[in-house]
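S.K.:
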Amino acid sequence: MPCDPDELYVNDFDIFWDRAFMPQPDAIFGLDLPFFGGEPQPAPQAATKVTSLSQFSSSLPSLDLVEEVGDVHQRDRSEDTGNQCQTSQDNEHTDSAPWSISSATFEKLCEEIRGYASVLPSECQIPTNNDLSRGLETYLKCTQKYIPFIHVATFLAEEQDAELSLVMAALGLLYRFEHKRAYKLYFMARAIWTEKARRAHLQIASDVVCDRDHMAQSKPVKLRKIQTLILLVIFASWGNKRVRPDALSMAGELAMLVREYGMSEIEEEDTQLEDWPTWIASEERRRTIFAAYILSSLHNATFGIPPLILNHEIELRLPDYSQPWTSENALQWKIAPRQTRRSFQEALRSLFEGNGFPREAGVSSFSCYLLIIGLLQQVYLDRHSSSGSQPPASVETFEMALRAWQVSWEGTDEPILDPLSSKASAFGLSSAALLRLAYIRLNFNRGTCRRLLQGDPTIVNRSPVLDRSLHVERAVLHAAHALSVPVRLGVSYMANTKTSIWSIEHSICSLESALLLKAWLGVISTVVQTSGAVALRTSEKRLLGIVTSIIKETDYAEILQLPDEDASRYQHMAITVIKLWSCVFQGIHVLEIDDDVRCCLRLVAESIQP
């Protein structure tokens, strides 16, 4: 006997919807319950019912389609063997800190910069020792955690080229909200980089014409060159929109340099590395290449340009746990837990086969981040190769891979989504944002985000095609989950204090989550207007219950007084979702692209006034 399709939806939601996601009277944001993620707890003996929406932001919504409902509540969220150790970096003495610059080192740096005085912008003067030190300190302590590819413990400012020190300090000052100083250092670093490249090109031309052998650069020198370019691209990509075209131009050069350098493991790395300096060189090389790959993929996700470094080109092992990477000496490194060796290609294939990684042989948080980047890129490539919407079988394959990734991510040391938790990390939060984005990109028109950021107002009034399907509803669930986090913490609070946990991944995910919820609520409004609220499926009603419970905790709760049968209720909810996200993007930002996101949201809100 055929199954009723709507009954399938009901059963599916009973399985992958945690009771914590459902609206509960008077207890939606109960603060007496555990805050997002606390100390690891033993697995419960029986399924536990939670009656507070505060738990909605505590973990990713479970989307597994399993036969046994009880299995959903039996997962152990304990940390894997890669649990990070807290280092004592903050307690280091100034004279031994990697960012400290002696008088002799500073004078040497100034002399190098003066050698490029003719190409430096006239408004840019040599920074003070204090400015450089503060910028380097902030970068090495804070900024680099988003893409850690420079080994902090062995970094010495006195050994670096001027342009690398300048751009590192520029990124550090940016995170101190010293934007004017940061841009001066960036433009100085950019000018020196360009002039060095010009001189190198002239030298090659001279060598070719005179039939002289060209002196090839050493591997370490090439690596520092790539690292400098990576940092220049990072600074320009999410900064002032007038600088972004330069970022995209440099990204092409970066991809070329990385290909020349090599994106595969070198032969001597096939043996077990027992020597700390050798391991550092190997791991730093690996992480640097992955950093270039990350930037290529983030440009694709943000600006819609084809990725310049593709998944199949990466023939590297996944980066190790953070403990050996942050070790301050050989002894700490020797006793640190190590990740099971696994190549990027092998891990990505495993996810598409529906296999996660068990906790005892799991992957690092950085590795999980790279794998969700890989899945997101594959969604883009698959969508564009199919010349339209992806067939259901393809969507199901990707959802299986995303579920396998989520299981693996929950077994890492950083599956904490509470931004205020001491255990929250850049990789944990950014990975969750990319997972949401992957579900949205599977089912929603991705061109809208890119064209809005480019300032195209015509895209606002276009009505995207959105199916009423379980696949779309999973994406809507993730979009609602994204909104619940700032509402749970307080929208005004997030608008003014999100800088320590915010990254470009959150910005793009937030914008697309807002656009998806707006489009989906528009579909619901149309259904109610034409066929009445009775035409809504059970799954849609549950989703509406979640969005309603989120709005109820904001200053826009009065719109919920409209009856369920009134189609305008859902248009008002759509406007409210956009307004809430717009409020989150108020205030001062480290990433200037967030100002553009706020303008996009304001434009969208104005376009759907009922």
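Our numbering numbers the first residue of the sequence shown as 58 and each following residue consecutively. Glycine residues also receive a C-beta, built at the ideal position from the N, C-alpha and C atoms. None of these values were measured; they are calculated from a predicted model.
Relative to the C-alpha of GLU322, which candidate in ILE351, ARG343, SER275 and TRP382 has its C-alpha closest?
M.R.: Comparing Cα positions, the closest option is ARG343.
S.K.: Would VAL544 and THR611 be called neighbours here (beta carbons separated by less than 8 Å)?
M.R.: Yes, the Cβ-Cβ distance between VAL544 and THR611 is below 8 Å.
S.K.: ARG281 by DSSP, collapsed to three states: which one?
M.R.: Helix, per DSSP.
S.K.: From the DSSP output, in three-state form, read off VAL647 for me.
M.R.: Correct three-state label for VAL647: coil.
S.K.: Using 8 Å as the threshold, is the C-beta distance between ALA219 and LEU177 below it?
M.R.: Against a cut-off of 8 Å, the Cβ pair of LEU177 and ALA219 comes out as no contact.
S.K.: Among all the DSSP beta bridges, which residues are the ones paired with ARG374?
M.R.: SER400.
S.K.: Leaving out five residues before and five after GLN284 in sequence, what residues of the same chain have Cβ atoms less than 6 Å from its Cβ?
M.R.: Answer for GLN284: THR345, listed in chain order.
S.K.: Which ranges would you report for the alpha helix (DSSP H) in the segment 592-638 if only whole runs of at least 4 residues count?
M.R.: Listed in chain order, they are 595-609.
S.K.: Helix, strand or coil for SER526, going by three-state DSSP, please let me know.
M.R.: DSSP places SER526 in coil when its eight states are reduced to three.
S.K.: Where does SER482 fall in DSSP's three states?
M.R.: Here SER482 sits in coil by DSSP.
S.K.: Would you mind giving the Cβ-Cβ distance between ILE650 and SER564, rounded to the nearest angstrom? I have them listed as a contact below 8 Å.
M.R.: Sure, about 6 Å apart at Cβ, within 8 Å.
S.K.: Please report the straight-line C-alpha distance between VAL420 and GLU164, rounded to a whole angstrom.
M.R.: Cα-Cα distance, rounded: 44 Å.
S.K.: Considering only the beta carbon of each residue, do ALA576 and LEU658 sit closer than 8 Å?
M.R.: No; because the gap between Cβ atoms is not below 8 Å, this pair is not in contact.
S.K.: Taking HIS528 and ILE337 to be in contact with their CB atoms under 8 Å, please state how far apart those CB atoms are, rounded to whole angstroms.
M.R.: Actually they do not touch by this definition, with Cβ atoms about 44 Å apart.
S.K.: Can you tell which of GLU622, LEU617, PRO155 and SER560 has the C-alpha that lies nearest to the C-alpha of ILE581?
M.R.: It is GLU622 whose Cα lies nearest to the Cα of ILE581.
S.K.: For GLN98, count neighbouring C-beta atoms within 10 Å of its own C-beta (all shown protein chains included) and say buried if the count is 16 or more, exposed if not.
M.R.: Note that GLN98 scores 37 on pLDDT, short of 50, meaning its location in the model is unreliable and no value can be drawn from it.
S.K.: Is the distance from the Cβ of ARG399 to the Cβ of TYR378 below 8 Å?
M.R.: Contact flag unset, no.
S.K.: For SER664, name the three-state secondary structure that DSSP assigns.
M.R.: Three-state DSSP puts SER664 in a helix.
S.K.: Three or more C-beta pairs under 8 Å: does that hold for the segment 309-320 against the segment 259-270?
M.R.: With a cut-off of 8 Å, the segment 259-270 and the segment 309-320 do not count as touching, because too few Cβ pairs lie within range.
S.K.: Quick one: using the 10 Å Cβ neighbour count with 16 as the cut-off for buried, is SER275 buried or exposed?
M.R.: Flag for SER275 reads exposed.
S.K.: Thinking just about the alpha-carbon of each residue, which of SER422, SER482 and TYR613 is nearest to the one in GLN463?
M.R.: Of the candidates SER422, SER482 and TYR613, the one whose C-alpha sits nearest the C-alpha of GLN463 is SER422.
S.K.: So PRO334 is in the alpha helix (DSSP H); what residue range does that whole segment cover?
M.R.: Run containing PRO334: 333-360, per the alpha helix (DSSP H) assignment.
S.K.: Could you name the residues of the same chain whose beta carbon sits closer than 6 Å to that of LEU510, not counting the 5 residues immediately before and after it, in chain order?
M.R.: Only ASP653 meet the Cβ criterion.
S.K.: State the beta-bridge partners of SER321 as determined by DSSP.
M.R.: Paired residue(s): GLU372.
S.K.: Tell whether a beta-carbon distance below 8 Å holds between ILE616 and HIS629.
M.R.: Going by C-beta atoms, ILE616 is nearer than 8 Å to HIS629.
S.K.: Tell me, to the nearest whole angstrom, how far the beta carbon of ARG594 is from that of ALA539; I am working on the premise that it is less than 8 Å.
M.R.: The Cβ separation is near 23 Å, so there is no contact.
S.K.: Relative to the C-alpha of VAL522, which candidate in ASN500, HIS535 and ALA537 has its C-alpha closest?
M.R.: It is ASN500 whose Cα lies nearest to the Cα of VAL522.
S.K.: Distance, Cα to Cα, PRO449 vs PHE409?
M.R.: Near 15 Å, if we compare the C-alpha coordinates of PHE409 and PRO449.
S.K.: Under 8 Å, do PHE212 and PRO155 count as touching if we go by C-beta distance?
M.R.: Against a cut-off of 8 Å, the Cβ pair of PRO155 and PHE212 comes out as a contact.
S.K.: Between ILE430 and LEU491, how many whole angstroms is the CB-CB distance? I'm expecting something under 8 Å.
M.R.: ILE430 to LEU491, Cβ: 7 Å. Contact.
S.K.: Rounded to whole angstroms, what is the Cα-Cα separation between MET225 and ILE351?
M.R.: Cα to Cα, the separation comes out at about 18 Å.
S.K.: What does the alpha-carbon distance come out to for the pair LEU601 and ILE608?
M.R.: Taking the straight line from one Cα to the other gives about 10 Å.
S.K.: By a C-beta neighbour count over all protein chains shown, 10 Å radius and 16 as the cutoff for buried, is ARG171 buried or exposed?
M.R.: Counting Cβ neighbours within 10 Å, ARG171 comes out exposed, since fewer than 16 surround it.
S.K.: Between SER159, GLN201, ALA495 and VAL661, which has its C-alpha nearest GLU216's C-alpha?
M.R.: Of the listed residues, the one whose Cα sits closest to GLU216 is SER159.
S.K.: Beta-carbon within less than 8 Å of LEU427's beta-carbon, same chain only, minus the 5 sequence neighbours each way: which residues are those?
M.R.: Counting only Cβ-Cβ distances below 8 Å, and skipping sequence neighbours, we find PHE347, TYR350, ILE351, LEU375, PRO376 and PHE401.
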